[in-house]
């Protein structure tokens, strides 16, 4: 039996205004996907599941994968000011894993 994991950010909004988009984005500009917002990332080389969880929880970007195939694979260290999608791509570069973006979800497969 395969386990599929959808890593999602954990956050609660006590006040509606706290859930609104960044004030730096005007109401006339299109919303930027959480996967494409720039962030400071500093992750060591480690197992994919640990990296994926850290990126998902920090960003609001969902990461979907089959842990039976991907969970224990070692990924590269990543650091810099970049999007979560770019950070995940860099971490996966030395592996056979590939990432595809579908809206606010990054899908990782072998």
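Numbering (mature numbering (1 follows the signal peptide of the UniProt record, and there is no 0)), first residue to last: -18 to -1, 1 to 92. Built from N, CA and C at the ideal position, the CB exists for glycine as well. Predicted model only: the values in this text are computed from it and were never measured.
For residue i, count the other beta carbons within 10 Å of its own beta carbon; 16 or more makes it buried, fewer makes it exposed. Which is it?
i, result
"residue 16", "buried"
"residue 96", "Residue 96 lies beyond the stretch modelled for the chain, which goes from -18 to 92, so this question has no answer here."
"residue 82", "exposed"
"residue 41", "buried"
"residue 50", "exposed"
"residue 91", "exposed"
Suppose contacts are defined by Cβ-Cβ distances below 9 Å. Is residue i in contact with residue j by that definition?
i, j, result
"residue 66", "residue 37", "yes"
"residue 30", "residue 64", "no"
"residue 45", "residue 89", "yes"
Starting from the C-beta of residue i, find all residues in its chain whose C-beta is less than 8 Å away, skip the five residues before and the five after it, and write them out in chain order.
i, result
"residue 25", "33, 36, 37, 59, 60, 61, 69 and 73"
"residue 86", "15, 16, 17, 42, 43 and 44"
For the ligand PLP, is there a heavy atom less than 8 Å away from the beta-carbon of residue i?
i, result
"residue 89", "Ligands are entirely absent from the displayed structure, and the ligand PLP is therefore not among its contents."
Leaving out five residues on either side along the sequence, give the residues of the same chain with a beta carbon under 7 Å from the beta carbon of residue i.
i, result
"residue 77", "55 and 57"
"residue 75", "58"
"residue 124", "This structure leaves residue 124 out entirely; the chain is present only between -18 and 92."
Just verifying my parser: in three-state terms, what is the DSSP assignment at residue i?
i, result
"residue 61", "strand"
"residue 79", "coil"
"residue 22", "strand"
"residue 66", "helix"
"residue 86", "coil"
"residue -6", "Per-residue confidence for residue -6 stands at a pLDDT of 30, beneath the threshold of 50, marking its modelled position as unreliable; the derived number appears in the next sentence. Note: residue -6 maps to coil in three-state DSSP."
"residue 11", "Any answer about residue 11 is weak, because its pLDDT of 44 lies below 50 and its placement is not dependable; what the coordinates show is given next. Note: residue 11 maps to coil in three-state DSSP."
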